[in-house]
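Below is one structure, written out as structure tokens; comments come after it.
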Amino acid sequence: MAERRSNFGRSNSRRVDRVAGVIVSVAALSIVALLGWVVVATLRAGLGEIDLPFLTTAPTRAGRGGGIGPLIVSTLLVLAIAMLAATPIALLAAIRLAERSRQDRPGAVVARSGLIVLAAVPSIVFGLFGNALFCQALGMGYSILAGGLTLGCMILPFMTVTAERALRDLPDDWRLGAAALGIGRLSYLWRIELPAAAPALGSALALGIGRSLAETAALLFTSGYVMRVPTSLFDSGRTLSVHVYDLAMNVPGGASRASATACVLIGLMVLIDGTVVASLARIGAGRSAPIRRDASRDRASRIGDRS
Amino acid sequence: MTWFGKRISFRRLADRAIEFASTLAALTAAAIVLLILAFITIEAWPALRDPGPARFVTDRTWFPLSGQFGLLPMLTASVLTTIGAVLLAAPPGIASALWVRYWAPPSLAWFHRRAIAILAGTPSVVFGQWGLVVLAPLIAAWGGSGQSLLTAVIVLALMTLPTIALASDAALGSIDDELVRGGAALGLGRWGIASRVVLPAARSSLLAGILLAAARAVGETMAVLMVAGNVPNFPESLLAPVRTLTANMALEMGYASASHRSILFVSGLLLMVAVAIPYLLATIARPRSDHG
Amino acid sequence: MTSPLRSFLPLALMLAALAGCRPPAESAGEAERSAANRLEGRLLLSGSSTVAPLVSEIAARFEAMHPGVRIDIQTGGSGKGIADVRAAQADIGMTSRPLKEDEQDLVAHRLATDGVALIVQASNPIPELTRQQVIDIYTGAIDDWSRLGGAALPIQVVHKAEGRATLEVFLAHFEIDNTAIRPDVIVGENAQAILAVAGSPGAIGYVSIGSAETEARLGAAIRLLPLDGIPATSDEVAAERFPMSRSLNLVVTSEPSPLALAFIDYARSEAVHDLVREAYFVPSTR
Numbered sequence: 001m002a003e004r005r006s007n008f009g010r011s012n013s014r015r016v017d018r019v020a021g022v023i024v025s026v027a028a029l030s031i032v033a034l035l036g037w038v039v040v041a042t043l044r045a046g047l048g049e050i051d052l053p054f055l056t057t058a059p060t061r062a063g064r065g066g067g068i069g070p071l072i073v074s075t076l077l078v079l080a081i082a083m084l085a086a087t088p089i090a091l092l093a094a095i096r097l098a099e100r101s102r103q104d105r106p107g108a109v110v111a112r113s114g115l116i117v118l119a120a121v122p123s124i125v126f127g128l129f130g131n132a133l134f135c136q137a138l139g140m141g142y143s144i145l146a147g148g149l150t151l152g153c154m155i156l157p158f159m160t161v162t163a164e165r166a167l168r169d170l171p172d173d174w175r176l177g178a179a180a181l182g183i184g185r186l187s188y189l190w191r192i193e194l195p196a197a198a199p200a201l202g203s204a205l206a207l208g209i210g211r212s213l214a215e216t217a218a219l220l221f222t223s224g225y226v227m228r229v230p231t232s233l234f235d236s237g238r239t240l241s242v243h244v245y246d247l248a249m250n251v252p253g254g255a256s257r258a259s260a261t262a263c264v265l266i267g268l269m270v271l272i273d274g275t276v277v278a279s280l281a282r283i284g285a286g287r288s289a290p291i292r293r294d295a296s297r298d299r300a301s302r303i304g305d306r307s
Numbered sequence: 001m002t003w004f005g006k007r008i009s010f011r012r013l014a015d016r017a018i019e020f021a022s023t024l025a026a027l028t029a030a031a032i033v034l035l036i037l038a039f040i041t042i043e044a045w046p047a048l049r050d051p052g053p054a055r056f057v058t059d060r061t062w063f064p065l066s067g068q069f070g071l072l073p074m075l076t077a078s079v080l081t082t083i084g085a086v087l088l089a090a091p092p093g094i095a096s097a098l099w100v101r102y103w104a105p106p107s108l109a110w111f112h113r114r115a116i117a118i119l120a121g122t123p124s125v126v127f128g129q130w131g132l133v134v135l136a137p138l139i140a141a142w143g144g145s146g147q148s149l150l151t152a153v154i155v156l157a158l159m160t161l162p163t164i165a166l167a168s169d170a171a172l173g174s175i176d177d178e179l180v181r182g183g184a185a186l187g188l189g190r191w192g193i194a195s196r197v198v199l200p201a202a203r204s205s206l207l208a209g210i211l212l213a214a215a216r217a218v219g220e221t222m223a224v225l226m227v228a229g230n231v232p233n234f235p236e237s238l239l240a241p242v243r244t245l246t247a248n249m250a251l252e253m254g255y256a257s258a259s260h261r262s263i264l265f266v267s268g269l270l271l272m273v274a275v276a277i278p279y280l281l282a283t284i285a286r287p288r289s290d291h292g
Numbered sequence: 001m002t003s004p005l006r007s008f009l010p011l012a013l014m015l016a017a018l019a020g021c022r023p024p025a026e027s028a029g030e031a032e033r034s035a036a037n038r039l040e041g042r043l044l045l046s047g048s049s050t051v052a053p054l055v056s057e058i059a060a061r062f063e064a065m066h067p068g069v070r071i072d073i074q075t076g077g078s079g080k081g082i083a084d085v086r087a088a089q090a091d092i093g094m095t096s097r098p099l100k101e102d103e104q105d106l107v108a109h110r111l112a113t114d115g116v117a118l119i120v121q122a123s124n125p126i127p128e129l130t131r132q133q134v135i136d137i138y139t140g141a142i143d144d145w146s147r148l149g150g151a152a153l154p155i156q157v158v159h160k161a162e163g164r165a166t167l168e169v170f171l172a173h174f175e176i177d178n179t180a181i182r183p184d185v186i187v188g189e190n191a192q193a194i195l196a197v198a199g200s201p202g203a204i205g206y207v208s209i210g211s212a213e214t215e216a217r218l219g220a221a222i223r224l225l226p227l228d229g230i231p232a233t234s235d236e237v238a239a240e241r242f243p244m245s246r247s248l249n250l251v252v253t254s255e256p257s258p259l260a261l262a263f264i265d266y267a268r269s270e271a272v273h274d275l276v277r278e279a280y281f282v283p284s285t286r
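Residue numbers (our numbering), protein chains in the order written: chain A, 1 to 307; chain B, 1 to 292; chain C, 1 to 286.
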């Protein structure tokens, strides 16, 4: 960010604008291109193997035959548990940490550093930890529940820190305005803070869901390796990412099936992200109608004018 | 603002319920951190007593089954790969968030966000396979086997990109519109608003996102393991193979006997310390500069 | 954040319903057929990720024969298998190596044999390496293929991580001390070694023969080198002529449950030899 001495000359600023626009666009698009490189390689290797039976039937021959139906069920169950466990805790903890009166207290500082440390714990350690705590100490055994809770612990820091920042960056004026109007903490949170932060909270959610779907090592030791359809949350169930890993690393001749499974995983991410997260952003925009919508529309049009 | 905050907080019973629940949640998060730290410490304890912490620093190399326990080369590798990945990923990640917020047509922005989310949800193994099959042969053309510090940095940068991009997007999205409006009123162009108003205002949130991404990079295991070469020596060049602390655990944990396993947990403990100390130092150094 | 909760709740309920109404897995005919030798209960197996895919197939067939039996397989490596059996966390452990001296409290039943072969990239013209040449390559005394009659190309030594079964077999056969090896790449799984060698013209590595044969047949750019004049094929391993091999085992305590023993007997019987071969291992002939 070169701090250029201010030159408000209109044409100059336009030229800078245009150059910056090009740079930023190129950066953004090259990310998508890189994504394309990685994902397209996977899609090309795997897409041909996907058909309806692949999505609905059980694996045979260690995954080289059959489909991945039961694993989709396990994956969604583990994901649901992880999100149900982590989302409320992350959001409430974020609300707590974002409170302005308390930010510099030692407790908040320690909690925040703790979360960063937690974010750096390797997933294999989470797996062994989850195995010791949930599977053994709490007696859940290898189960969907243990896997989901382990994942919940794992994505907690990502969701909390992102959500905290989202809440903390809201303008102070709103809080002051709410105080002047005699609006209580809960109503303020419910009516103003959360809706306004909804799009950013959507990013937090996307991070959590993404990490959950992609996780392998933490689940290998907790939700486990069993390929059946789980009949209860206390059954072991293999998730798609564990299956991808196993096929790619331990099953000779499993590479194409691994790619196919990875394609389904990516598709699942697109589906969940496109519905849950995107609708969250829309809900947020809708509920905060009086404040947010106009402002953002204004901003968009105003900035748009200048190009 | 402090006094106002308090007056709002304690107005009603419902407010107290929120207060209570959020405290409980923060405590739960803290408890999980403590539990994990305790778990790792307990597992590492036998190795910390024998052969003892000194050996992990003084031994020159790592052959745990032959009595050599040097962890410093792997610590170096972890630090180098992480810093390299974040340096590579942060500028395009933030640029991508800026583009989405201020430049992109809405339809493209929507598409871009979904694309980044896909990247965030792509399993490590997919990145690892890509790095090993596509990237490593390209890098091998410059010398070495292609499995190297450089390969690991690039793959890791790709994996941390979505974290940075999503967190930056969230950070930019929460900025007060008044600021943007003010910038526009001053006649600033898009870049002027972005560079002089938005980025400074979002600075601490962007940093938080980068920190998260760095933590993610430090902890990443499977993809790094597949492309880094995993030789536990100090790297002599960008093209030399390295082994990170996480790869060390994942490579050897499955076959480790009890004492070997305990030593591997020391890798994990060292990783935690390596993350916690710089962060705590940074926090202590400027405790009050963090008002968004 | 009630909005996501609202979105998730129906999803969760739907999933729960989906999981609840799963159709019965076994057909009635099979249940009647196996009524004669009625076995019931649950078995938990844990251990080597190399062995696990094979054992899950055997377990699926065993479950089909005995509807009252349910077998769950978990992985985490040979070390975890041993630890879990000792801690009574698992009924049977799976290992891709023989028991060590300090593990003699357990009993290992050989399930299958797996050869270990040297591989080079397919473009490498070297027909065979002598014992001393392999030792020189791995200890860094020879670092270029031109010294072995090949093209001028640096040798990339692909080695395994400490503790891996194939590594121990390799070190034992060539009598090299692990600390003397000068690797360029260290890998974990066989698949990773195959990818590493296939992607690097100067690379040499050693992997499970079954995996290498399969991947080579599927188009991976690798070639298996003969060892001591014996071609590296599954047939030579089966004939017990190939000199480098490891055993894949099922491990139990000295007092296993009857169900565990019944499963081990079945897993070692001819009835599953097709599965063993399909997993590219060599069935154990008692």
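Glycine residues also receive a C-beta, built at the ideal position from the N, C-alpha and C atoms.
{"query": "Closest by CA to Ala120 (chain B), which one among B:Leu135, B:Ile164, B:Leu132 and B:Ala25?", "result": "B:Ile164"}
{"query": "Go through its chain and collect everything with a Cβ distance to Asp59 (chain B)'s Cβ below 6 Å, but skip five positions before and after it.", "result": "Gln68, Phe69 and Gly70"}
{"query": "What does a CB cutoff of less than 6 Å around Ile230 (chain C) pick up in its chain, not counting 5 residues either side in sequence?", "result": "Glu236, Arg241 and Phe242"}
{"query": "DSSP on Phe63 (chain B), reduced to helix/strand/coil?", "result": "strand"}
{"query": "Listing by chain order, which chain E residues have their CB less than 7 Å from the CB of Met269 (chain A)?", "result": "Looking at the structure shown, chain E is missing, and the protein chains on hand are A, B and C."}
{"query": "Does the beta carbon of Tyr279 (chain B) come closer than 7 Å to any beta carbon on chain A?", "result": "yes"}
{"query": "Would you mind sorting Gln192 (chain C) into buried or exposed? The rule is 16 or more other CB atoms within 10 Å of its CB.", "result": "buried"}
{"query": "Should Tyr102 (chain B) and Arg164 (chain C) be called a contact, given that it needs their Cβ atoms to be closer than 7 Å?", "result": "no"}
{"query": "Going by the DSSP bridge assignment, what does His109 (chain C) pair with across the sheet?", "result": "C:Leu250"}
{"query": "For Gly41 (chain C) versus Leu248 (chain C), is the C-beta spacing smaller than 7 Å?", "result": "no"}
{"query": "Return the residues of the stretch 233-256 of chain B that lie within a Cβ-Cβ distance of less than 8 Å from chain C, sorted by chain order.", "result": "Pro241, Arg243, Ala250, Leu251, Glu252, Met253, Gly254, Tyr255 and Ala256"}
{"query": "Could you work out which residue in C:Asp114, C:Arg246 and C:Val55 is closest to Gly263 (chain C) when comparing CA atoms only?", "result": "Here residue 263 (chain C) turns out to be Phe, not Gly, going by the sequence shown. Closest option to Phe263 (chain C), Cα to Cα, is C:Val55."}
{"query": "If you reduce the DSSP assignment to three classes, tell me which class Ala25 (chain C) lands in.", "result": "Residue confidence for Ala25 (chain C) is low, a pLDDT of 41 falling below 50, so the modelled location carries little weight; the figure read from the coordinates is stated next. Ala25 (chain C): coil per DSSP, three-state reduction."}
{"query": "Please check if any C-beta of chain B sits within less than 7 Å of the C-beta of Tyr245 (chain A).", "result": "yes"}
{"query": "So, helix, strand or coil for Val229 (chain A), using DSSP?", "result": "coil"}
{"query": "Excluding sequence positions up to five away, which residues of its chain have a Cβ less than 8 Å from the Cβ of Ile209 (chain A)?", "result": "Leu79, Met83, Met269, Ile272, Asp273, Val276 and Val277"}
{"query": "Taking 7 Å as the threshold (beta carbon to beta carbon), is Val16 (chain A) in contact with chain B?", "result": "yes"}
{"query": "Apart from the five residues on each side of it in sequence, which residues of its chain come closer than 7 Å, Cβ to Cβ, to Asn230 (chain B)?", "result": "Pro241, Arg243, Ala247 and Leu251"}
{"query": "Identify every run of the alpha helix (DSSP H) within the stretch 70-128 of chain C, keeping only runs that are complete inside it and at least 4 residues long; order them along the chain.", "result": "78-86"}
{"query": "Figure out for me which residue from A:Arg175, A:Leu170 and A:Ala178 has the closest Cα to the Cα of Ile175 (chain B).", "result": "A:Leu170"}
{"query": "How long is the line joining the alpha carbons of Trp375 (chain A) and Ile31 (chain A), rounded to whole angstroms?", "result": "Because chain A in this structure spans residues 1 to 307, residue 375 (chain A) falls outside the shown range and cannot be described."}
{"query": "Examine the Cβ distances between the stretch 151-162 of chain C and the stretch 194-207 of chain C and report whether three or more of them are shorter than 8 Å.", "result": "yes"}
{"query": "Using 8 Å as the threshold, is the stretch 231-241 of chain A in touch with the stretch 136-148 of chain A, meaning 3 or more CB pairs across them?", "result": "yes"}
{"query": "Name, please, each residue of chain B whose Cβ falls closer than 9 Å to the Cβ of Thr179 (chain C).", "result": "Thr61, Phe63, Ser66 and Gln68"}
{"query": "Is the CB of Gly229 (chain B) under 7 Å away from at least one CB in chain C?", "result": "yes"}
{"query": "Find the nearest neighbour of Ala220 (chain C) within the set A:Ser203, A:Ser212 and A:Ser256, judged by alpha-carbon distance.", "result": "A:Ser256"}
{"query": "Taking all protein chains shown into account, decide if Pro23 (chain C) is buried (16 or more other Cβ within 10 angstroms of its Cβ) or exposed.", "result": "Residue confidence is low: Pro23 (chain C) scores 41 on pLDDT, short of 50, so the model does not pin down where it sits. Its coordinate-derived value is still stated next. Per the 10 Å Cβ criterion, exposed."}
{"query": "Going by beta-carbon coordinates alone, are Ser78 (chain B) and Val218 (chain B) separated by less than 7 Å?", "result": "yes"}
{"query": "Does any residue of chain C bring its CB to less than 7 Å from the CB of Ser9 (chain B)?", "result": "Because the pLDDT of Ser9 (chain B) is 45, which lies under 50, any placement of that residue in the model is unreliable, and the question is left without a value."}
{"query": "Determine whether the beta carbon atoms of Met222 (chain B) and Val125 (chain B) lie at a separation below 7 Å.", "result": "yes"}
{"query": "Below 8 Å on C-beta distance, what does Pro53 (chain C) contact in chain B?", "result": "Here the premise fails: no neighbours, minimum Cβ distance about 15 Å."}
{"query": "So, helix, strand or coil for Ser269 (chain C), using DSSP?", "result": "coil"}
{"query": "Enumerate in chain order the residues of its own chain whose CB-to-CB distance from Val19 (chain A) is below 7 Å, with the five nearest sequence positions on each side excluded.", "result": "none"}
{"query": "Gly152 (chain A): which of A:Gly177, A:Leu91 and A:Ala98 sits nearest, CA to CA?", "result": "A:Leu91"}
{"query": "Skipping 5 residues on each side, what residues in its chain have a beta carbon closer than 7 Å to that of Thr57 (chain A)?", "result": "Gly66, Gly67 and Gly69"}
{"query": "What residue ranges within the stretch 159-193 of chain C form continuous alpha helix (DSSP H) runs of no fewer than 4 residues, ordered along the chain?", "result": "165-174"}
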